[in-house]
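First up is the structure itself, then whatever we jot down about it.
In the UniProt record's numbering, the protein residues as written are 1 to 448.
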C-alpha cells in the first residue's frame, strides 16, 4: 500500500498546515505513549528503521527511553503517524469522526483532542493543538494562581499565628521585665542595707583591731621580758645540770673502768692458773672495756708489741687462745684485701660469719670495726655469738674507733689488732698490743 493510499484509508486530509511551535509537553507525552503501544503490534517490516531498536525495549521503557526518537519519527513519517491514528480511531471513534467533521465534542479533554488532531491531521488540526496549548497555559496559570492564593492564605494564617504568638510572648516578656525590675529594686535596697552593715562592721573591726594591737604590743613587751628572764634561768639550770651530769658520769665511768681493769687482770691471773676458766668462758661481772669506748680514756705508757707476719700463724693462734684475749679487726681493710669484688654488705656478712667460727674455737673476745661513712642509715647486723660489730660514728673513720678500742685496753691484757694499714698497726703496737696482717687472718679464716 502506498503512502497516499494509507492516507486516504485513515481519512486524514493532507495539507500544508503546521504548528507555530513544538507540541505542548502534555500532548507530546500522550502522542509518544500511543505510538509506543502501536510499535509493539506492528510487523517487523512495517516498523520504521529508526524505531527498530526501540521496539525491543520493554513497553514502559519505549516511551521513556525512546520518546524523542518516536516524536521525531511521528512528525516526519506520515505513514507511521497514520498507523498510530488508525489505532486511536479504533479506540475513540466518536472523537475521530467529530474532528473529521470539523467539530469538537463538548466536554472533551483538550489534550486528548489535540492528540487526535495531531495524529489524524483533519483540516484545521493546528487550531485544536493551539486551543489545547492555550487551555493548558490557562490551567497552569490558574494552578499557579490557586497555589499562590493558597500560599498567601497559608502565609496570612502563619502571620496571624506569629502575631498572636508575638503578642503573647511580648506580654510574657513585659511581665517578666516588670518582675525583674521589682527584683532589681529589692536587691538594690538589700545591697544598700548590706553596705551600711558592712561599713559599720568595718568601723567596729577597726576599733577592735586598734585595741587588740595596743594590747598585743603590751603583751609582747611583757612576754619578751619574761622570755629573756626564762632563757637566763634555763641557761643557768642547763649549766648546772650539765655540770652535775658531767660529775656523775665521770664518777660512774671512773669507777666502772677501774673495776673492769681490776677484774680483767684478776681474771687473767685466775685463767692462767686454772685452764678450766678458759673452757667455761665465764663473763666479767661488769662490762668489758670495749663497751666503754664512748668515754675518754687516757692511755698509759705500755711496752711496744710486735707485728705478726703470715708465717706466724701458730703464734697468732696461741695469742687468741690466751686467757681473755681480745681480737680487734679492721673490717673493710680485711674484706677488701680478700674479696673486694663483692658488695659491701656481702663483704661484711662473709667476714662476720668467719669471725663467728673463729670464736667457737678460741673463745677470744672479737670486735669487728667498719667505717660508718660507707653505709647509708642504720645497718642491722646479725652478729654471731661472741662477735661484736661496731660502725664508726658520723665524722669518724674506722681507724679512730680502733684507736679508741686500743686505748681502752688495760695494761697486761693480750689483744691483737688485724689491719694491713701501717698507721693503725703502729698505733696498736705503741699501746702494747700485737698486730697481724689482713692476709694472716684471711688465711686463718680459710679453714672454715
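Cβ coordinates follow ideal geometry from the N, Cα and C atoms, glycine included.
With residue i as the anchor, note down where its beta strand (DSSP E) starts and where it stops.
{"i": "residue 436", "result": "434-436"}
{"i": "residue 388", "result": "387-391"}
Spell out the partners DSSP gives residue i in its beta bridges.
{"i": "residue 86", "result": "Beta-bridge pairing links residue 86 to no other residue."}
{"i": "residue 327", "result": "366, 416"}
Alpha carbons only, please: which of the options is nearest the one belonging to residue i?
{"i": "residue 94", "options": "363, 443, 116, 136", "result": "116"}
{"i": "residue 408", "options": "207, 393, 428", "result": "428"}
{"i": "residue 445", "options": "422, 390, 360", "result": "360"}
{"i": "residue 87", "options": "31, 381, 103, 345", "result": "31"}
{"i": "residue 357", "options": "387, 334, 346", "result": "387"}
{"i": "residue 78", "options": "40, 118, 215", "result": "118"}
{"i": "residue 80", "options": "383, 121, 237", "result": "121"}
{"i": "residue 64", "options": "29, 53, 90", "result": "29"}
{"i": "residue 367", "options": "411, 419, 39, 395", "result": "419"}
{"i": "residue 112", "options": "124, 56, 136", "result": "136"}
{"i": "residue 410", "options": "423, 432, 390", "result": "432"}
{"i": "residue 129", "options": "47, 364, 24", "result": "24"}
{"i": "residue 333", "options": "348, 153, 190, 321", "result": "348"}
{"i": "residue 344", "options": "171, 331, 326", "result": "331"}
{"i": "residue 363", "options": "397, 395, 319, 382", "result": "319"}
{"i": "residue 18", "options": "124, 38, 223, 46", "result": "124"}
{"i": "residue 385", "options": "365, 391, 228, 372", "result": "365"}
{"i": "residue 381", "options": "207, 211, 346", "result": "346"}
{"i": "residue 57", "options": "45, 178, 39", "result": "39"}
{"i": "residue 355", "options": "372, 402, 389", "result": "389"}
{"i": "residue 392", "options": "372, 383, 402", "result": "372"}
{"i": "residue 91", "options": "179, 37, 180, 163", "result": "37"}
{"i": "residue 22", "options": "43, 71, 162, 54", "result": "71"}
{"i": "residue 42", "options": "395, 82, 145", "result": "82"}
{"i": "residue 335", "options": "183, 55, 421", "result": "421"}
{"i": "residue 126", "options": "141, 110, 139", "result": "110"}
Beta-carbon separation of residue i and residue j under 8 Å?
{"i": "residue 84", "j": "residue 35", "result": "yes"}
{"i": "residue 99", "j": "residue 73", "result": "no"}
{"i": "residue 413", "j": "residue 324", "result": "yes"}
{"i": "residue 425", "j": "residue 416", "result": "no"}
{"i": "residue 352", "j": "residue 406", "result": "no"}
{"i": "residue 27", "j": "residue 132", "result": "yes"}
{"i": "residue 438", "j": "residue 338", "result": "yes"}
{"i": "residue 316", "j": "residue 440", "result": "yes"}
{"i": "residue 96", "j": "residue 104", "result": "no"}
{"i": "residue 403", "j": "residue 370", "result": "no"}
Where do the ends of the alpha helix (DSSP H) carrying residue i lie?
{"i": "residue 316", "result": "313-321"}
{"i": "residue 25", "result": "25-41"}
{"i": "residue 429", "result": "422-430"}
Determine, using beta carbons only, whether residue i comes closer than 8 Å to chain C.
{"i": "residue 237", "result": "Among the chains of the structure shown, chain C does not appear; only one protein chain is present."}
Practice task
Let me know the beta strand (DSSP E) ranges lying completely inside the region 337-420, each 3 residues or longer, listed in chain order.
Solution key: The region 337-420 contains these whole beta strand (DSSP E) runs: 365-370, 387-391, 415-418.
Handout entry: Inside the region 155-206 only - alpha helix (DSSP H) runs reaching at least 4 residues
Key = The region 155-206 contains no complete alpha helix (DSSP H) run of 4 or more residues.
Exercise for the section: Please specify which runs of the alpha helix (DSSP H), each continuous and at least 4 residues long, are wholly inside the region 61-134, giving them in chain order. Expected result: Segments of the alpha helix (DSSP H) lying fully in the region 61-134: 78-91, 93-100, 110-120.
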